[in-house]
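For reference, each letter of the sequence shown is one residue, going 813 to 1010 in our numbering.
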Amino acid sequence: MTKVLVLLGSPAPASNSAAAANYFIEAYSKNNPEAEIEIVRVVDNQVGTFTTTILSGKPTAEDMEVLGQRTAILEKYMAADKVILATPMWNFSLPGFFKEYIDCFFVAGKTFKYLAEPNERGNLNEGLLATKAIMHIQAMGGSHVGSPRDIGHAQIRQMFEFLDLVDMVYVPIEGTNIPGASTLDIAKEKLSELAKTF
């Protein structure tokens, strides 16, 4: 059974990124009725940060709860065959709480390892779960795809390329604040096709 993990990164329940993700999930489910799909509203599952006591190797009881939470998030990611990240663009980047959440995916010995010599790609790291399919849906008020301002997607791409997940699907929803723009409808057309192949 294929496990699909969907991470909704906007705190707004009716956001464009969430609408696009939900549209895709509905279409994907029709084509893959056996798939097990888990949807996480990240704003409702914010993760605790590392503290001085954690980093000093003397975690408190509260720190242990944070570490347990981060481990549970990591295990959820590791168990998924496909991951969909649906985010808004905030000041050209990602919401901070969303970045903190996906940081939990990056643990040496679990999702990647360091190498003594560069591999064929010239990297000193190697992903340990390199068969996952990744999709990034990003909604933005203006038009920034392909420009240096598209920092949020560039960051996500770089992070997952570090894990050797290089075949990421990107579905931008541009111009959501531009009057008369039908950007969500355009994205839905692409998502309808991706629901057959992702």
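Built from N, CA and C at the ideal position, the CB exists for glycine as well.
Should Q950 go down as buried or exposed, given a rule of 16 or more other Cβ atoms within 10 Å for buried? buried
According to DSSP, simplified to helix, strand and coil, what is A826? coil
Closer than 7 Å by C-beta to N843: which residues in its own chain qualify, once you throw out the five before and the five after it? Chain order, please. A1007, K1008
Contacts around I963, its chain only, beta-carbon distance under 7 Å, and the 5 residues preceding and following it disregarded: F904, S905
What would DSSP say about E887, mapped onto helix, strand or coil? helix
Please check the pair M947 and V978, which I expect to be a contact at CB under 8 Å, by giving their CB distance rounded to whole angstroms. Their Cβ separation, rounded to whole angstroms, is 14 Å, which puts M947 and V978 out of contact at 8 Å.
Could you pull out every residue in the same chain whose Cβ sits closer than 6 Å to the Cβ of Y840, ignoring the five residues on either side in sequence? A1007
With three or more C-beta pairs closer than 8 Å as the rule, is the segment 994-1005 touching the segment 956-975? no
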